[in-house]
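Numbering (this note's numbering), first residue to last: 12 to 292. Here a beta-carbon is modelled for each residue, glycine too, at the ideal position from N, C-alpha and C.
As structure tokens, then:
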């Protein structure tokens, strides 16, 4: 009896350790832990500001920043600046996506267009987008046309390259089978190639969404009288530090919301793809 009790006791410890954290009263497989981590950082920010670890002029309390942000939202000033920015951003984004998909399909599907466009793509792509700003301002001025062009140009390349990679990754056997059944030309492109490349296209679109947000802010900081980028820069120049942080906070929330919305749309559109890959695995 003593031996059996002695052998049963160690077995209980691994059994306890093998339980999942959720079985012990807390689930680690949730985004709540990430939210809690952000909350912890904000609490540390508040403590550091209260104890004046950093200069109070440049490091206000997070509670004061949130109060200022709420005042700007209620007054309508921040939503107004954000709406003008979103209009420019999405106008340039959708133009860049449309061109990127079209050129990527052509380069991946027709060898002539690849030979024609690949050299200029590799020449223009490595140059940082802000480097084009002085040139674009010379031709388009400082109005919305300049900002939309910059956003479209910056978002073009991630979509183009991912679309090209998606087209080139289509299974040759799948293409040959489709041709055997008489599918060719435009029907082959729209019914076989484009659906097969769509996961790559969405990857490029997701990358370009973040790029569009970045270039939108940069172009508005360089030359604009409205928009969230101009708002942040004007607040900094006027030593309105809480307003400046409120603008940055708005950009953080906007980026997160746009990313979550994009993932929601992607999961709906590509549900067939994810279902197929899960079946294969």
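Asked                                                                                                                                                                                     : Found
Suppose contacts are defined by Cβ-Cβ distances below 8 Å. Is residue 185 in contact with residue 203 by that definition?                                                                 : yes
Roughly how many angstroms lie between the CA atoms of residue 255 and residue 268, to the nearest whole one?                                                                             : 20 Å
Going by CA-CA distance only, name the one from 137, 91 and 83 that's closest to residue 236.                                                                                             : 91
Can you give me the Cβ contacts of residue 35 inside the same chain, cut-off strictly under 7 Å, excluding the 5 residues immediately before and after it?                                : Unreliable positioning characterises residue 35 in this predicted model, as indicated by a pLDDT of 45, which lies under 50. A coordinate reading is not provided.
For the alpha helix (DSSP H) that residue 143 lies in, which residues bound it at each end?                                                                                               : That residue, residue 143, is in no alpha helix (DSSP H); it is neither H nor E in DSSP.
Please state the DSSP three-state secondary structure of residue 66.                                                                                                                      : coil
Counting only runs of 3+ residues fully inside the region 214-291, write out the beta strand (DSSP E) ranges in chain order.                                                              : none
Mind checking which residues open and close the alpha helix (DSSP H) that includes residue 124?                                                                                           : 122-135
Would you mind working out which of 125, 168 and 251 sits nearest residue 138, comparing C-alpha positions?                                                                               : 168
Can you find the residues in the same chain that come closer than 6 Å, C-beta to C-beta, to residue 229, ignoring five residues on each side of it along the sequence?                    : 141
Pull up the distance between the alpha-carbon of residue 283 and that of residue 115, whole angstroms please.                                                                             : 23 Å
Might you give, ordered along the chain, the residues of its own chain that have their beta carbon closer than 6 Å to the beta carbon of residue 144, omitting 5 neighbours on each side? : 233
Between the C-alpha atoms of residue 162 and residue 96, what's the straight-line distance to the nearest angstrom?                                                                       : 11 Å
Alpha carbon to alpha carbon, how far is residue 72 from residue 56?                                                                                                                      : 7 Å
Do residue 227 and residue 158 count as a contact pair if the criterion is CB distance below 8 Å?                                                                                         : yes
For residue 180, which three-state DSSP category applies?                                                                                                                                 : coil
Nearest to residue 220 by CA position, among 59, 265 and 54, is which residue?                                                                                                            : 265
Using the C-alpha atoms, what's the distance from residue 132 back to residue 281?                                                                                                        : 28 Å
So for residue 164, helix, strand or coil by DSSP?                                                                                                                                        : helix
State whether the region 113-129 contacts the region 164-178, with contact taken as three or more CB pairs (one from each stretch) at a distance under 8 Å.                               : yes
Inspect the beta-carbon positions of residue 258 and residue 276 and report whether they are closer than 8 Å.                                                                             : no
Beta carbon of residue 170, beta carbon of residue 160: below 8 Å?                                                                                                                        : no
CB-CB under 6 Å to residue 181, same chain, minus the five flanking residues each way: which ones, in chain order?                                                                        : 204 and 207
Put residue 3 into one of helix, strand or coil per three-state DSSP.                                                                                                                     : No answer is possible for residue 3: it lies beyond the span of the chain, which begins at 12 and ends at 292.
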